[in-house]
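Since the structure comes first, as structure tokens, the remarks are kept for the end.
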Amino acid sequence: MRRSFLPFVGLFATTLLLAACGVHQAPLPWATGASAFATESAVAHHWAKIELLTDSSPEFPTEHMRPNGRQTDPEIVQAFGTAMPPSRDALLHFAKGWDTGHGTPVLLVHGAMEDATSSWFDPHGHEGLATYLAGKGFRVFAITFAHRHGDNTLQAEQIANAIARIRAVTGAAQVDVVAHSKGCVAARALASGIKAPWMKGYQHDIRRLVLIAGPELGIDYTFRHSSVNFALFPEHDQTLLNAPMSWTRMLVGGVWMDSGADSIDTDHGNYFPGQCQLLARWDKTYPLSETEQDWYTTYYGGQGFVSFSEGIDKAIAQGGHYIDQLRAHPLDSGVQLAVLAGDSATMPNILNETDGPSDGVVFVKSASYTDDMTKGGAKLVEKTIMHLCHMDLIIDPQAHKWVADVLSR
Numbered sequence: 000m001r002r003s004f005l006p007f008v009g010l011f012a013t014t015l016l017l018a019a020c021g022v023h024q025a026p027l028p029w030a031t032g033a034s035a036f037a038t039e040s041a042v043a044h045h046w047a048k049i050e051l052l053t054d055s056s057p058e059f060p061t062e063h064m065r066p067n068g069r070q071t072d073p074e075i076v077q078a079f080g081t082a083m084p085p086s087r088d089a090l091l092h093f094a095k096g097w098d099t100g101h102g103t104p105v106l107l108v109h110g111a112m113e114d115a116t117s118s119w120f121d122p123h124g125h126e127g128l129a130t131y132l133a134g135k136g137f138r139v140f141a142i143t144f145a146h147r148h149g150d151n152t153l154q155a156e157q158i159a160n161a162i163a164r165i166r167a168v169t170g171a172a173q174v175d176v177v178a179h180s181k182g183c184v185a186a187r188a189l190a191s192g193i194k195a196p197w198m199k200g201y202q203h204d205i206r207r208l209v210l211i212a213g214p215e216l217g218i219d220y221t222f223r224h225s226s227v228n229f230a231l232f233p234e235h236d237q238t239l240l241n242a243p244m245s246w247t248r249m250l251v252g253g254v255w256m257d258s259g260a261d262s263i264d265t266d267h268g269n270y271f272p273g274q275c276q277l278l279a280r281w282d283k284t285y286p287l288s289e290t291e292q293d294w295y296t297t298y299y300g301g302q303g304f305v306s307f308s309e310g311i312d313k314a315i316a317q318g319g320h321y322i323d324q325l326r327a328h329p330l331d332s333g334v335q336l337a338v339l340a341g342d343s344a345t346m347p348n349i350l351n352e353t354d355g356p357s358d359g360v361v362f363v364k365s366a367s368y369t370d371d372m373t374k375g376g377a378k379l380v381e382k383t384i385m386h387l388c389h390m391d392l393i394i395d396p397q398a399h400k401w402v403a404d405v406l407s408r
């Protein structure tokens, strides 16, 4: 039976997509201070329990969210107390057996457009990695971010908050972190020490970092494939279409329309603060297809026949050249790294990335690149490429076994 992967089209800028800071040290828009959090229990159905973590730092900024970026899972809405929670809030999900399992606790980190339940408990009607690992005796936790396309540095701090809480309730000195897609960027940022001055940041409490289908060298899908813009304007109430456009104006029925608020461009409402951070140019590695509408102006910027785009370079700059920042900051030397990538561009219901070998969303060269992360002394314990697509990498039993084996070492 074919699964629908449409929810993940938003993950990276229209098909799972993307997230704003920089190593050309673009100034961070946050003041100094100390970060802390409080917890509050919530009743759970899929999980043993859910706690609301609220970062209490007054410097934690407010991120804007479009209506179709709201949370929709009833259990998650109840735990947050609203469908549109502030970015300072996150949920910590406790899997069954969290208090009876053994070994290093495991924190699962989802990607864009998703939450802990849809990624890790019940992904498209299949057994999730959370259930699988709990069944193997692991102590499993998962985080849900408030903002589906949130800033990666802010989400890194939320991961730090979640790790601190896990350590408090388990007594463990360290936690293993397993991240998928955009979540890899936030987890990597934390373990690389990228933070605003007011954040507590990394506390040397990650034992093993497992990155699955992460855009380690960035992604350019939104600008490379201009045709996806037609599906995203105007804004639909359908939350599955909560993904950023690359066009800020487009021709609709013979009339030029302003699509800036639906775009990745941060000058028009900034509803996708995390998406610019995942961008990087791949046009020198994999030539652009000249068959898509306004392909040149979409990527490089300018006025096309039916659109206007600010271009990928501006968007990368608006994201603070975040991929460059990550590449210049290796993982902490005490972290053990494992990477899982896919090379099957077979995701149904999206325009698969076929300009180069990919998992349907992220180029294999991007998802499997580890040199920058280990140059500070972090140890690479495993790197595997499976013939699976972007989402099957967290659904397929083969991938589940791989994660369990890596964590068991």
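If you read the sequence shown in numbering that gives the first Met the number 0, its first letter stands for residue 0, the second for the next number, and so on.
The C-beta atom is built at its ideal place from N, Cα and C for all residues, glycine as well.
Item	Value
Using three-state DSSP, classify Asp261 as helix, strand or coil.	helix
Classify His63 as buried or exposed, calling it buried when 16 or more other Cβ atoms lie within 10 Å of its own Cβ.	exposed
Pull up the distance between the alpha-carbon of Ser226 and that of Met244, whole angstroms please.	10 Å
Counting Cβ pairs, one atom from each stretch, are 3 or more of them under 8 Å apart for the region 210–225 and the region 363–382?	yes
What's the C-alpha gap between Leu27 and Ala195?	The pLDDT assigned to Leu27 is 34, lower than 50, so where the model puts this residue is not dependable, and the model offers no usable value.
Please name the residue, chosen from Gln173, Thr130 and Ala94, that lies closest to Thr103 on a Cα-to-Cα basis.	Gln173
Which first and last residues belong to the beta strand (DSSP E) in which Asp204 is found?	No beta strand (DSSP E) contains Asp204, which DSSP labels as neither H nor E.
Taking the CB atoms as reference points, tell me whether Phe144 and Leu91 lie closer together than 8 Å.	no
Using only the alpha-carbon positions, how far apart do Ala41 and Ser332 sit?	37 Å
Would Ala47 and Trp97 be called neighbours here (beta carbons separated by less than 8 Å)?	yes
Distance, Cα to Cα, Met198 vs Ser86?	14 Å
Cutting at 7 Å between CB atoms, please list the residues of its own chain near Thr38, excluding the five before and the five after it.	Glu50, Leu51, Leu52 and Arg164
Does DSSP put Glu58 in a helix, in a strand, or in coil?	coil
Identify the residues that DSSP records as bridge partners of Glu39: which are they?	Leu51
Extract the residue ranges of the alpha helix (DSSP H) inside the region 292–320, only unbroken runs of 4 or more that lie entirely within it.	294–299 and 311–317
Taking C-beta to C-beta, are Ala314 and Ile263 nearer than 8 Å?	yes
Following the continuous beta strand (DSSP E) through Ile142, name the residue where it begins and the one where it ends.	Phe137 to Phe144
Leaving out the 5 sequence neighbours to the left and right, which residues in its chain are closer than 6 Å to Gly200 when beta-carbon positions are compared?	Lys194
So, with DSSP's three-state summary, where would you put Thr103?	strand
Determine the direct distance from the alpha carbon of Ala178 to that of Val184, and round the result to whole angstroms.	9 Å
Take Tyr299 and list the residues in its own chain whose beta-carbon comes closer than 7 Å to its own, dropping the five residues that flank it on each side.	Gly310
From this set, Leu392, Phe222 and Thr383, which residue's C-alpha is nearest Ser288's C-alpha?	Phe222
For Gln397, I'd like the list of residues in its chain whose CB is within less than 7 Å of its CB, leaving aside the five on either flank, ordered along the chain.	Met385
Taking the straight line between their C-alpha atoms, what separation do you get for Arg408 and Leu153?	31 Å
Alpha helix (DSSP H) containing Asp370: first to last residue?	Asp370 to Thr373
Out of Leu325, His389, His328 and Lys364, state which residue places its alpha-carbon closest to the alpha-carbon of Asn348.	His389
Would you mind stating whether Asn430 and Ala89 have Cβ atoms separated by less than 8 Å?	An answer regarding residue 430 cannot be provided, because it is not within the stretch 0 to 408 covered by the chain.
By alpha-carbon positions, which one of Thr99, Leu132, Tyr131 and Gln77 ends up nearest to Gly170?	Thr99
So, at 6 Å on beta carbons, what are the nonlocal neighbours of Pro84 in its own chain, with the 5 sequence-adjacent residues on each side left out?	Ala145
Alpha carbons only, please: which of Pro73, Gln237, His148 and Met249 is nearest the one belonging to Ser308?	Met249
Would Gly303 and Asp293 qualify as a contact pair, given that the criterion is a beta-carbon distance under 8 Å?	yes
Look up Phe271 in the DSSP assignment and say whether it is helix, strand or coil.	coil
For the beta strand (DSSP E) holding Gln397, just list the boundary residues, first then last.	No beta strand (DSSP E) contains Gln397, which is instead part of the alpha helix (DSSP H) from Pro396 to Ser407.
Tell me, to the nearest whole angstrom, how far the beta carbon of Ser367 is from that of Ala340; I am working on the premise that it is less than 8 Å.	4 Å
Under 8 Å between the Cβ atoms of Val209 and Ala344?	no
From what residue to what residue does the alpha helix (DSSP H) around Gly341 run?	Unbroken run through Gly341 is the beta strand (DSSP E), Gln335 to Gly341; no alpha helix (DSSP H).
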